[in-house]
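Asker:
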Amino acid sequence: MKKIVLSLSSLMLAAGLAGCGNEASSGASGEKKEDGSKEDITLRVAWWGGQPRHDYTMKVIEMYEEANPHVNIEAEFANWDDYWKKLAPMAAANQLPDIIQMDTAYLSQYGEKGQLEDLTPYTKDGTINVDNIDETTLAGGNIGDKMYGFNLGSNVLSVITNDDMLKEAGVELNAENWTWDDFEKMAIDVQKATGKYGTNPMNPPDVFFPYYLRTQGERFYNEDGTGLAYKDDQLFVDFFERQVRLIKAKAFPTPDVSAQVKGLEDDFIVKSEAAMTWNYSNQYLGFAQLTDAPLTLNLPPEQAENKALFLRPSMFFSVPKSSEQKEEAAKFIDFFANNVEANKLIKGDRGVPVSSEIIEALKPELTEDELKIFEYVESASATASPADPPDPLGSAEVMKALKDVSDQILFEKISAEEGAKKFREQADEILSRNG
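Be aware that the sequence shown starts at 32, since it is given in my numbering, and climbs by one per residue.
1) Looking at the structure shown, is residue 126 part of a helix, part of a strand, or coil, going by DSSP?
2) In the DSSP assignment, find the unbroken alpha helix (DSSP H) run with residue 208 in it and report its ends.
3) Might you give, ordered along the chain, the residues of its own chain that have their beta carbon closer than 8 Å to the beta carbon of residue 134, omitting 5 neighbours on each side?
4) Reducing DSSP to helix, strand and coil, say where residue 146 ends up.
5) Please list, in chain order, all residues of the same chain as residue 131 whose beta carbon is under 6 Å from its beta carbon, the five residues on each side excluded.
6) What runs of the alpha helix (DSSP H), each 4 residues or longer, lie entirely inside the stretch 282-330?
7) Take residue 462 as the anchor and find which of 251, 438, 79 has the nearest alpha-carbon.
8) Taking C-beta to C-beta, are residue 206 and residue 402 nearer than 9 Å?
9) Which residue comes first and which comes last in the beta strand (DSSP E) that contains residue 188?
10) Put residue 355 into one of helix, strand or coil per three-state DSSP.
11) Look up residue 132 in the DSSP assignment and give the residues it is bridged to.
12) For my contact list, residue 145 and residue 352 are in at a C-beta cut-off of 8 Å; report their separation, rounded to the angstrom.
13) Leaving out the 5 sequence neighbours to the left and right, which residues in its chain are closer than 8 Å to residue 136 when beta-carbon positions are compared?
14) Going by DSSP, which residues form a beta bridge with residue 103?
15) Whole angstroms are fine: how far does the CA of residue 188 sit from the CA of residue 52?
16) Let me know if residue 59 comes out buried or exposed under the rule of 16 or more other beta-carbons within 10 Å of its beta-carbon.
17) So for residue 228, helix, strand or coil by DSSP?
18) Should residue 75 be labelled buried (16 or more other beta-carbon atoms within 10 Å of its own) or exposed?
19) Assuming the contact rule is C-beta atoms closer than 8 Å, residue 364 and residue 181 should be a hit. Round their C-beta distance to whole Å, please.
20) Mind the definition here: the stretch 371-379 touches the stretch 154-161 only if three or more C-beta pairs lie below 8 Å; say whether that holds.
21) Taking 8 Å as the cut-off, does the stretch 437-446 touch the stretch 267-285 (at least 3 CB pairs, one atom from each stretch)?
22) I need the DSSP call for residue 383, collapsed to helix, strand or coil.
23) Please name the residue or residues paired with residue 78 in a DSSP beta bridge.
24) Which residue marks the beginning of the alpha helix (DSSP H) containing residue 442, and which one marks its end?
25) Would you mind stating whether residue 320 and residue 152 have Cβ atoms separated by less than 9 Å?
26) Out of 325, 290, 369, 200, which has the shortest C-alpha to C-alpha gap to residue 91?
27) Along the chain, where does the alpha helix (DSSP H) that runs through residue 241 open and close?
28) Runs of 4 residues minimum, wholly inside the stretch 360-422: which ones carry the alpha helix (DSSP H) assignment?
29) Whose C-alpha, out of 183, 258, 406, 127, is nearest the C-alpha of residue 457?
30) Does the beta-carbon distance from residue 291 to residue 233 come in below 9 Å?
31) State the DSSP-derived secondary structure class of residue 181, mapped to helix, strand or coil.
32) Around the Cβ of residue 173, are there at least 16 other Cβ atoms within 10 angstroms (buried) or fewer (exposed)?
33) So, are the CB atoms of residue 210 and residue 337 less than 9 Å apart?
34) Within a Cβ cutoff of 6 Å, which residues of the same chain sit near residue 85, ignoring the five residues on either side of it in sequence?
35) Whose CA, out of 360, 448, 415, lies closest to the CA of residue 148?
36) Where does residue 52 sit, in a helix, a strand or coil, going by DSSP?
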């Protein structure tokens, strides 16, 4: 087995490793030596996640290397925050890994700046087999007619509950039709009964505030990405004032406490410090593996009337334009998406697989917890509406502005009304550049 370069908490001396990776890459994919064997290739693959994801991804990489002895893969991984901090300077230095795990929030930022390769030709020529993948699912990684991200799986927003804590508090949850007021009351009742948080923070706000808007029949970004779609700032005020009330009731952690959570292992529900956690469905398995408490996947409040839920690409694999191994990168993506044995290890951690063939092959192999994720996504899809397009250029700045304003509100530095006005001014200034 070839040596795999590891990074446990960061992307391992990003600039140095990037340089090594490029120097080690010898020959284009498919080229052969004089003896007829393929030229050795070094492929750098980067992703974020918790330890369970790191562990199985390394096994998938080993499987790929065994099947392709000429390929040596350097693995670079980190938690969410560190990942993006390391990726930015790599991009600036034109030294991005050959395959980068990509999020919808950053797809436009990297794609529209010309840093990502269009993967459409690789799906057209069969290098990445998409025969068993729905066109709508594939389109989740498109900007215009270019595929800058290959969708690795579908997930749906959920509220995961610690059922022992709910029972201790005498709280019952009717996930089919509970309201935002029900959610607030439940969180406070849990705190009064247990002394623990009723819910984890709704963080990042750029995920949960847009969901709240969808429950009110509104959207976050307008269609052309030049501004905010919602016009009534009272929606912003109502969303954040509810969180302020929950903080005052000690049913909701303050931002400084929330900032201590760096991964699934630190989550409040894993430590039995909160009865509910807002997360995407693919996170359920990680939580279930890390705690002995019985957990349940629940539909979020008020999802039905305005079809607020949608099947969201959990994440993508993207290939940078700077890669010298684009074809081999595409082959690895195909392996990750379509190899049955590899997906028996992945088991939906990166979302319910996009291939219908893989889904059917996996169902008999799934544990009870893994099957819950598949069934939840299937159930949610019955009332889901189409996903929004990828976030527009500048969305990362908008995300930061919303997070900063959110923190100021939750620390009661400014009122929700002041925050609504401040955020709108900042977001409109950022997004107006797209006009």
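Every residue gets a Cβ at the ideal spot worked out from N, C-alpha and C, and that includes glycine.
Answerer: Answer, in terms of the structure:
1) What you label residue 126 is simply residue 95 of the sequence shown in a count that begins at 1. Residue state, collapsed to three classes: coil.
2) Locating residue 208 in the sequence shown gives position 177, counting from the first residue. Note, residue 208: premise wrong, no alpha helix (DSSP H); not H, not E.
3) As a first step, residue 134 is located in the sequence shown; it is residue number 103 there, counting from the start. Listed in chain order, the non-local C-beta contacts of residue 134 below 8 Å within the same chain comprise 346, 347, local neighbours out to five positions each way being set aside.
4) Sequence index remark: in the sequence shown, residue 146 carries index 115 (1-based). Residue 146: coil per DSSP, three-state reduction.
5) Against the sequence shown, residue 131 aligns to sequence position 100. Result list for residue 131: 77, 349, in chain order.
6) Along the length of the stretch 282-330, whole alpha helix (DSSP H) runs at least 4 residues long occupy 286-289, 315-321, reported in chain order.
7) For the purposes of this step, residue 462 is identified with residue 431 of the sequence shown, where counting begins at 1. When only C-alpha atoms are compared, the closest one is 251.
8) Position 175 of the sequence shown, counted from the first residue, corresponds to residue 206. Position 371 of the sequence shown, counted from the first residue, corresponds to residue 402. Taking 9 Å as the Cβ cut-off, residue 206 and residue 402 do not qualify as a contacting pair.
9) Numbered from 1 along the sequence shown, position 157 holds the residue referred to as residue 188. Note, residue 188: beta strand (DSSP E), 188-193.
10) Counting from 1 along the sequence shown, the entry for residue 355 is found at position 324. If DSSP states are grouped into helix, strand and coil, residue 355 belongs with coil.
11) Start at 1 with the first residue of the sequence shown, and residue 132 comes out as number 101. 348, per the DSSP bridge assignment.
12) As a first step, residue 145 is located in the sequence shown; it is residue number 114 there, counting from the start. As a first step, residue 352 is located in the sequence shown; it is residue number 321 there, counting from the start. Between residue 352 and residue 145 the Cβ distance is about 7 Å, and since that is below 8 Å, they are a contact.
13) Counting from one through the sequence shown, the residue named residue 136 turns up at place 105. Excluding sequence neighbours, residue 136 sits near 237, 422, 426, 427, 430.
14) Counting from one through the sequence shown, the residue named residue 103 turns up at place 72. Paired residues: 73.
15) Your numbering for residue 52 matches position 21 in the sequence shown. Your numbering for residue 188 matches position 157 in the sequence shown. With a pLDDT of only 35 at residue 52, under 50, the local geometry of the prediction cannot be trusted, and no value is derived from it.
16) The residue labelled residue 59 in the question sits at position 28 within the sequence shown. Here the model assigns residue 59 a pLDDT of 43, short of 50, so the residue's position is not dependable, and the following value carries that caveat. Label assigned to residue 59: exposed.
17) If you number the sequence shown from 1, residue 228 lands on position 197. In the structure shown, residue 228 sits in a strand (DSSP, three-state: E or B).
18) Along the sequence shown, one-based indexing puts residue 75 at 44. Residue burial is scored here from C-beta neighbours: residue 75 has at least 16 other C-beta atoms within 10 angstroms and is therefore classed as buried.
19) Against the sequence shown, residue 364 aligns to sequence position 333. Against the sequence shown, residue 181 aligns to sequence position 150. About 5 Å; that satisfies the 8 Å criterion.
20) No, the stretch 371-379 is not in contact with the stretch 154-161.
21) Verdict: yes, contact present.
22) Working through the sequence shown from its first residue, we reach residue 383 at position 352. Collapsing the DSSP output to three states places residue 383 in a strand.
23) On the sequence shown, position 47 is the one that residue 78 refers to. Answer by DSSP bridge pairing, in chain order: 108.
24) The residue you call residue 442 lines up with position 411 of the sequence shown. Note, residue 442: premise wrong, no alpha helix (DSSP H); not H, not E.
25) Here the question's residue 320 lines up with position 289 in the sequence shown. Here the question's residue 152 lines up with position 121 in the sequence shown. No. Outside cutoff.
26) As a working mapping, residue 91 is identified with position 60 in the sequence shown. The shortest C-alpha separation from residue 91 is found at 369.
27) For the purposes of this step, residue 241 is taken as residue 210 along the sequence shown, with counting starting at 1. Going by DSSP, residue 241 is part of the alpha helix (DSSP H) stretching over 236-246.
28) Inside the stretch 360-422, DSSP marks whole alpha helix (DSSP H) runs of 4 or more residues at positions 371-377, 387-393, 399-412, from first to last along the chain.
29) Residue numbering aside, residue 457 sits at position 426 when the sequence shown is read from its first letter. Each of 183, 258, 406, 127 was checked against the Cα of residue 457, and the nearest Cα belongs to 258.
30) Along the sequence shown, read from residue 1 onward, the residue named residue 291 stands at position 260. Along the sequence shown, read from residue 1 onward, the residue named residue 233 stands at position 202. The criterion of a C-beta distance shorter than 9 Å is not satisfied by residue 291 and residue 233.
31) As a first step, residue 181 is located in the sequence shown; it is residue number 150 there, counting from the start. Residue 181 sits in a strand when the DSSP states are folded into three classes.
32) Here residue 173 is taken as the residue at index 142 of the sequence shown, counted from 1. Counting of Cβ neighbours within 10 angstroms places residue 173 among the buried residues, the total reaching 16 or more.
33) In the sequence shown, counting from the first residue as 1, residue 210 sits at position 179. In the sequence shown, counting from the first residue as 1, residue 337 sits at position 306. Remark: C-beta atoms of residue 210 and residue 337 do not approach each other more closely than 9 Å.
34) Translated into positions along the sequence shown, residue 85 becomes position 54. Correct list, in chain order: 108.
35) By one-based count along the sequence shown, residue 148 stands at place 117. Checked all of 360, 448, 415; the closest Cα to residue 148 is 360.
36) The count along the sequence shown starts at 1 and reaches residue 52 at position 21. Its pLDDT being 35, under 50, residue 52 is placed unreliably in this model, and the value from its coordinates should be taken loosely. DSSP places residue 52 in helix when its eight states are reduced to three.
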